[in-house]
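From first to last, the protein sequence lines are chains H and Z. Take any residue in the first sequence, count from 1 to its spot, add 13: that is its number in this note's numbering. Take any residue in the second sequence, count from 1 to its spot, add 13: that is its number in this note's numbering. We treat Cβ as the ideally placed atom computed from N, Cα and C, and that holds for glycine.
2 protein chains.
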Amino acid sequence: MEKVTIQQVARAAGVSASTVSNLLNGRSGRMLPATRDRITEAISQLGYRPNRAARELRTGRTRTVGLIVPSVGNPFWGAFARELEHAALAEGYNVLLCNSERDPDRERRYVEELWDDGVREIVLCTSLPSLKHLAHIIEQGLRLITLDRPTQADDPSTVVSISINNVVGGHLAASHLTSLGHRNLTFVSGSLRSVNRTGRYEGFCSAVEAAGLAVADMTLWAGADEAPFGDVEAADVGRRAAHEIFAAANPPTGVVAINDMTALGVCRGLRDLGLQVGRDVSVVGFDDIILADLYDPPLTTVRQPIGQMARLAIAEIVSHHGLTTGEPGRSVLLRPELIVRGSTAAPPVD
Amino acid sequence: MEKVTIQQVARAAGVSASTVSNLLNGRSGRMLPATRDRITEAISQLGYRPNRAARELRTGRTRTVGLIVPSVGNPFWGAFARELEHAALAEGYNVLLCNSERDPDRERRYVEELWDDGVREIVLCTSLPSLKHLAHIIEQGLRLITLDRPTQADDPSTVVSISINNVVGGHLAASHLTSLGHRNLTFVSGSLRSVNRTGRYEGFCSAVEAAGLAVADMTLWAGADEAPFGDVEAADVGRRAAHEIFAAANPPTGVVAINDMTALGVCRGLRDLGLQVGRDVSVVGFDDIILADLYDPPLTTVRQPIGQMARLAIAEIVSHHGLTTGEPGRSVLLRPELIVRGSTAAPPVD
DNA sequence: TATGGTCAGTAAATCGTTACACCAGTCAGA
DNA sequence: TCTGACTGGTGTAACGATTTACTGACCATA
Chain H
14 MEKVTIQQVA RAAGVSASTV SNLLNGRSGR MLPATRDRIT EAISQLGYRP
64 NRAARELRTG RTRTVGLIVP SVGNPFWGAF ARELEHAALA EGYNVLLCNS
114 ERDPDRERRY VEELWDDGVR EIVLCTSLPS LKHLAHIIEQ GLRLITLDRP
164 TQADDPSTVV SISINNVVGG HLAASHLTSL GHRNLTFVSG SLRSVNRTGR
214 YEGFCSAVEA AGLAVADMTL WAGADEAPFG DVEAADVGRR AAHEIFAAAN
264 PPTGVVAIND MTALGVCRGL RDLGLQVGRD VSVVGFDDII LADLYDPPLT
314 TVRQPIGQMA RLAIAEIVSH HGLTTGEPGR SVLLRPELIV RGSTAAPPVD
Chain Z
14 MEKVTIQQVA RAAGVSASTV SNLLNGRSGR MLPATRDRIT EAISQLGYRP
64 NRAARELRTG RTRTVGLIVP SVGNPFWGAF ARELEHAALA EGYNVLLCNS
114 ERDPDRERRY VEELWDDGVR EIVLCTSLPS LKHLAHIIEQ GLRLITLDRP
164 TQADDPSTVV SISINNVVGG HLAASHLTSL GHRNLTFVSG SLRSVNRTGR
214 YEGFCSAVEA AGLAVADMTL WAGADEAPFG DVEAADVGRR AAHEIFAAAN
264 PPTGVVAIND MTALGVCRGL RDLGLQVGRD VSVVGFDDII LADLYDPPLT
314 TVRQPIGQMA RLAIAEIVSH HGLTTGEPGR SVLLRPELIV RGSTAAPPVD
């Protein structure tokens with residue numbers, strides 16, 4: 014338990030440290046099977062574990078993946094962080110946690126610091142349309158995996174994205190409402206700068222048109238663009254939106270929110286106004302956080318398969334680890350799933 | 014931006030690397046002010062940042078604090094993780110995230126791995142009564158800070174705990190209900206092994222007795238002890254508890270739950286049975302997670318000041334960093350606060 | 001004028017791994 | 001028999017910081 018080095022293992026196995034190192038680094042073909050067995054034996058005998066710091070110093074890389082989320086205080090990101098940590102653990106990686114609070118400047122500082130610390134793989138959960146502020150590090154060889162943010166046209170080619178198809182998701186949500194008979198819908202989101210908003214709103218519109226309704230009649234509520242709310246405050250956005258929208262004339266009967274936290278905020282706002290969700294107004298969220306099912310009424314939502322997304326992210330990292338080639342990885346667009354619960358119903362007849 | 018070492022700084026400032034190192038490590042008194050200024054200038058000029066791996070290798074310590082939580086998927090731990098990361102960042106520390114899933118064995122493996130990796134400070138969120146499985150590492154000098162788990166009699170003396178006073182919290186919750194006129198209460202928790210349960214239940218009992226009621230009449234529902242639920246599933250515990258408790262004869266009119274997730278599960282279970290929270294039954298939770306206020310009805314709960322707790326944890330770490338003495342730190346018991354919302358009311362009159 | 005003490009700073013030895021260059025045998029093919 | 005390739009390794013120089021022991025120079029005191 015004290016501290017056992019590669020030298021001691023080498024001595025115990027009667028070989029040089031180089032050979033032990035070779036075995037440790039997957040070059041086991043360069044030695045006799047018998048030698049390999051002796052080393053393996055010595056390693057487990059002595060309980061040897063390579064010193065991470067020394068290894069990092071020598072190689073310049075880490076078995077640590079950086080995770081930058083808007084805020085783990087948001088249950089969606091918390092749940093995702095958990096899944097990613099599980100997947101990383103299975104591959105022998107650690108996860109270093111960073112909360113960007115959706116601040117591009119913090120985001121950049123975190124990325125720079127992680128890079129300086131030898132982290133070469135970062136899972137970045139951002140909704141910024143541009144990655145320009147990170148370009149200088151990506152060029153140097155950082156592998157960036159963006160999550161919940163589809164690849165944009167001007168992204169560097171080595172950036173991989175893992176995301177659901179937001180257009181399909183938006184379509185699922187809105188067409189669910191139109192098929193229930195709703196003819197007056199609103200799309201609620203916080204910041205307009207969000208990449209996801211664009212796709213989801215596009216899907217929303219296509220569903221509206223497919224139902225023979227005019228998009229122009231549909232409200233789009235997007236508050237707080239200049240002073241963006243943090244992720245934890247996403248619920249406040251929804252609540253304020255509800256207050257505003259349902260105080261106006263000809264309020265909608267169906268709402269699609271950019272995510273579940275906002276949707277729950279909308280529900281809360283509707284209750285403030287004495288309206289009942291799932292009867293007076295139908296609400297659809299995005300994400301399917303654990304509280305969606307717990308809420309009263311349980312929230313209809315478009316599920317993101319976070320477990321699968323986390324595993325894909327780690328798989329991407331593992332498959333590229335150590336490669337310095339600027340070889341582009343494969344981005345993934347997953348199909349979202351609509352989960353119908355009590356917050357949606359046919360519109361009230363009056 | 015390439016990679017600038019301490020040698021280059023030394024050369025630029027016209028001194029030796031040792032002197033730069035001395036400055037970096039707070040021994041600035043050993044040089045002329047003019048020298049110090051030249052070095053400082055060179056550092057910012059070159060954009061020098063010390064190599065973490067080299068530093069770790071040499072010293073054997075890290076500026077990384079390990080955070081072991083049951084699961085960041087649980088909004089309470091997610092919110093705490095965020096606060097801790099903020100507090101750590103302000104002191105120049107990174108946070109390495111681990112999810113124990115309340116599995117003592119995983120907990121031990123994480124602690125051992127972190128120790129091997131040079132992490133000397135761990136914030137451990139556990140509810141295990143004993144720390145025996147970690148004793149061998151604590152003896153070697155690990156600084157352990159337990160959170161949401163008051164110090165136990167046989168804890169090693171170097172272990173610091175930061176926690177609310179659970180007895181007071183349990184008392185606050187139950188006396189709130191008795192003062193509203195409730196005379197038949199139930200305490201709902203998952204695992205019986207939880208340290209917090211003991212304190213909170215004790216406070217619950219004292220409040221019941223103070224109201225002139227017999228504790229023997231009060232139900233204690235504690236399910237799933239052998240096969241403990243993960244933290245994410247805490248809500249399921251509450252839901253199943255509600256189904257069981259309110260199917261029995263003479264059901265209570267007030268429920269105190271071990272935490273908010275469980276409380277929300279209870280609410281969900283009550284709704285399954287057609288009972289209305291805040292009218293038919295009053296429910297009090299613990300933690301005050303962000304969703305407590307968002308729920309319908311908003312949840313009355315005993316708040317834990319997680320921001321303050323996180324700052325205290327980091328302050329403790331900073332003040333002891335580098336000390337190898339087994340000097341015990343100061344444990345803290347914070348006073349919880351009752352937040353009254355819509356989930357509690359006077360019992361129904363029949 | 002010795003003696004000793006501070007001051008301001010340096011040289012060199014690590015910390016544990018990795019990777020490049022090298023080396024002694026063996027063996028196939030020309 | 002000579003050449004070149006392959007096999008199964010080993011020696012050694014880094015990687016970038018910290019830290020211990022040391023060294024002149026200068027000053028004060030006895």
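Given a threshold of 16 other Cβ atoms within 10 Å of its Cβ, counted over all protein chains shown, does Val3(H) qualify as buried or as exposed?
Summary: the structure shown does not reach residue 3(H), with chain H confined to residues 14 through 363, and so no result is reported for it.
Using the beta-carbon count (16 or more within 10 Å), is Leu127(H) buried or exposed?
As a first step, residue 127(H) is located in the first sequence; it is residue number 114 there, counting from the start. Sixteen is the threshold: when 16 or more other Cβ atoms of the shown chains lie within 10 Å of the Cβ of Leu127(H), as they do, the residue is buried.
Pull up the DSSP beta-bridge partners for Val12(H), would you.
The first residue shown for chain H is 14 and the last is 363, placing residue 12(H) beyond what the model contains.
Quick one: Cα of Asp50(Z) to Cα of Ile330(Z), how far?
Start at 1 with the first residue of the second sequence, and residue 50(Z) comes out as number 37. Start at 1 with the first residue of the second sequence, and residue 330(Z) comes out as number 317. Distance between the alpha carbons of Asp50(Z) and Ile330(Z) is about 30 Å.
Taking 6 Å as the limit between beta carbons, can you name the residues of its chain near Met322(Z), skipping five residues before and five after?
Here residue 322(Z) is taken as the residue at index 309 of the second sequence, counted from 1. Only Ile175 meet the Cβ criterion.
Would you call the CB atoms of Val85(H) and Ala94(H) closer than 7 Å?
Against the first sequence, residue 85(H) aligns to sequence position 72. Against the first sequence, residue 94(H) aligns to sequence position 81. Yes, they are a contact pair.
Less than 7 Å between CB atoms is the rule here; does Ala247(Z) satisfy it with respect to chain H?
For the purposes of this step, residue 247(Z) is identified with residue 234 of the second sequence, where counting begins at 1. It does not; no Cβ of chain H falls within 7 Å.
Between the CA atoms of Gly182(H) and Leu137(H) - distance to the nearest angstrom:
Numbered from its first residue, the first sequence carries residue 137(H) at position 124. Numbered from its first residue, the first sequence carries residue 182(H) at position 169. Taking the straight line from one Cα to the other gives about 21 Å.
CB Val250(H) to CB Pro142(H), shorter than 7 Å?
As a position in the first sequence, residue 250(H) is number 237, starting the count at 1. As a position in the first sequence, residue 142(H) is number 129, starting the count at 1. For Val250(H) and Pro142(H), no; Cβs fall outside 7 Å.
Where Glu350(H) and Cys218(H) are concerned, what is the direct C-alpha to C-alpha distance, given to the nearest angstrom?
Residue numbering aside, residue 350(H) sits at position 337 when the first sequence is read from its first letter. Residue numbering aside, residue 218(H) sits at position 205 when the first sequence is read from its first letter. In this model, Glu350(H) and Cys218(H) are separated by some 18 Å (Cα to Cα).
I'd like to check one pair, Gln289(Z) with Asp300(Z): are the Cβ atoms closer than 7 Å?
One-based indexing of the second sequence puts residue 300(Z) at position 287. One-based indexing of the second sequence puts residue 289(Z) at position 276. No, these two residues do not count as a Cβ contact at 7 Å.
Which bits of chain Z does Pro88(H) rub up against, with CB to CB less than 7 Å?
Counted from its first residue, the first sequence places residue 88(H) at position 75. Near Pro88(H) (Cβ distances below 7 Å), the residues of chain Z are Pro88 and Gly91.
With Phe259(Z) as the anchor, note down where its alpha helix (DSSP H) starts and where it stops.
Here residue 259(Z) is taken as the residue at index 246 of the second sequence, counted from 1. Element bounds for Phe259(Z): n/a, residue is neither H nor E.
I'd like to know if Asn107(H) contacts chain Z, where contact means its C-beta is closer than 7 Å to some C-beta of that chain.
Here residue 107(H) corresponds to residue number 94 of the first sequence, with the count starting at 1. By this cut-off, Asn107(H) is an interface position.
Name, going along the chain, the residues of the segment 111 to 125 of chain Z whose beta-carbon falls closer than 8 Å to a beta-carbon of chain H.
Cys111 and Asn112
Thinking C-alpha only, which one of Arg324(Z), Ser170(Z) and Ala30(Z) is nearest Ile151(Z)?
The count along the second sequence starts at 1 and reaches residue 151(Z) at position 138. When each option's Cα is compared against that of Ile151(Z), the closest is Ser170(Z).
Whose C-beta lies closer than 6 Å to the C-beta of Phe200(Z) among residues of the same chain, with five residues either side of it excluded?
For the purposes of this step, residue 200(Z) is taken as the residue at position 187 of the second sequence. Only Tyr214, Phe217, Leu233 and Val269 meet the Cβ criterion.
List, in order along the chain, the chain Z residues whose C-beta lies closer than 7 Å to that of Ser84(H)?
Position 71 of the first sequence, counted from the start, is the residue given in the question as residue 84(H). Within chain Z, the residues near Ser84(H) are Arg95.
Here's the rule I'm using: 16 or more other beta-carbon atoms within 10 Å means buried, otherwise exposed. How should Ala358(Z) be labelled?
In the second sequence, residue 358(Z) corresponds to position 345, counting from 1. Buried is the call here.
Looking at chain Z, is there any beta carbon in it that lies within less than 7 Å of the beta carbon of Asp293(H)?
Against the first sequence, residue 293(H) aligns to sequence position 280. So, not an interface residue.
If you draw a straight line from the alpha carbon of Val297(Z) to that of Gly278(Z), how long is it in whole angstroms?
To locate residue 297(Z), count along the second sequence from 1; it is residue 284. To locate residue 278(Z), count along the second sequence from 1; it is residue 265. Taking the straight line joining both Cα atoms gives about 12 Å.
Through-space distance from Thr191(H) to Val172(Z), alpha-carbon basis
On the second sequence, position 159 is the one that residue 172(Z) refers to. On the first sequence, position 178 is the one that residue 191(H) refers to. Cα to Cα, the separation comes out at about 59 Å.
Identify the contact partners of Leu157(Z) in chain H, using a Cβ-Cβ distance below 8 Å as the criterion.
Numbered from its first residue, the second sequence carries residue 157(Z) at position 144. Near Leu157(Z) there are no residues of chain H at all, since even the closest Cβ is about 17 Å away, more than 8 Å.
Inspect the CB distances between the segment 20 to 38 of chain H and the segment 53 to 71 of chain H and report whether three or more fall short of 8 Å.
yes
Thr159(H): first and last residue of the uninterrupted beta strand (DSSP E) it sits in
For this step, residue 159(H) is matched to residue 146 along the first sequence. Here the beta strand (DSSP E) through Thr159(H) covers Arg156 to Leu160.
Flag this pair as yes or no: are the beta carbons of Arg74(H) and Arg133(H) separated by less than 7 Å?
Position 61 of the first sequence holds residue 74(H). Position 120 of the first sequence holds residue 133(H). Cβ atoms of Arg74(H) and Arg133(H): closer than 7 Å.
From which residue to which residue does the beta strand (DSSP E) around Val362(H) run?
Looking up residue 362(H) in the first sequence gives position 349. From DSSP, Val362(H) is part of no beta strand (DSSP E); its letter is neither H nor E.
Counting along the chain, where does the beta strand (DSSP E) carrying Ala270(H) start and finish?
Position 257 of the first sequence, counted from the first residue, corresponds to residue 270(H). Note, Ala270(H): beta strand (DSSP E), Gly267 to Ala270.
Element boundaries [alpha helix (DSSP H), containing Ala326(H)]:
For this step, residue 326(H) is matched to residue 313 along the first sequence. Counting along the chain, the alpha helix (DSSP H) containing Ala326(H) begins and ends at Ile319 to His333.
In the DSSP assignment, find the unbroken beta strand (DSSP E) run with Glu120(H) in it and report its ends.
On the first sequence, residue 120(H) is found 107 positions in, with the first residue counted as 1. Segment Pro117 to Asp129 is the alpha helix (DSSP H) holding Glu120(H); no beta strand (DSSP E) there.
Residues from the segment 285 to 313 of chain Z in contact with chain H, defined by Cβ distance under 9 Å:
Val290, Ile302, Ile303, Leu304, Asp306, Leu307, Tyr308, Asp309, Pro310 and Pro311
Find the nearest neighbour of Gln165(Z) within the set His184(Z), Leu144(Z) and Gly154(Z), judged by alpha-carbon distance.
For the purposes of this step, residue 165(Z) is taken as the residue at position 152 of the second sequence. With distances taken between Cα atoms, Gln165(Z) lies closest to Leu144(Z).
Using a 10 Å radius around the Cβ and a threshold of 16 neighbouring Cβ atoms, would you call Asn38(Z) buried or exposed?
By 1-based counting over the second sequence, the position of residue 38(Z) is 25. It is exposed - the Cβ of Asn38(Z) has fewer than 16 other Cβ atoms within 10 Å.
How many Å lie between Ile302(H) and Ser188(Z) at the Cα?
Indexing the first sequence from 1 puts residue 302(H) at position 289. Indexing the second sequence from 1 puts residue 188(Z) at position 175. Distance between the alpha carbons of Ile302(H) and Ser188(Z): 33 Å.
Assigned exposure category for Leu45(H) - 16 Cβ within 10 Å defines buried:
In the first sequence, the residue the question calls residue 45(H) occupies position 32. The residue in question, Leu45(H), is exposed, as its Cβ has fewer than 16 Cβ neighbours within 10 Å.
Indicate the three-state DSSP secondary structure (helix, strand or coil) for Ala101(H) in the structure shown.
Reading the first sequence from its first residue, position 88 is the one you call residue 101(H). Helix, per DSSP.
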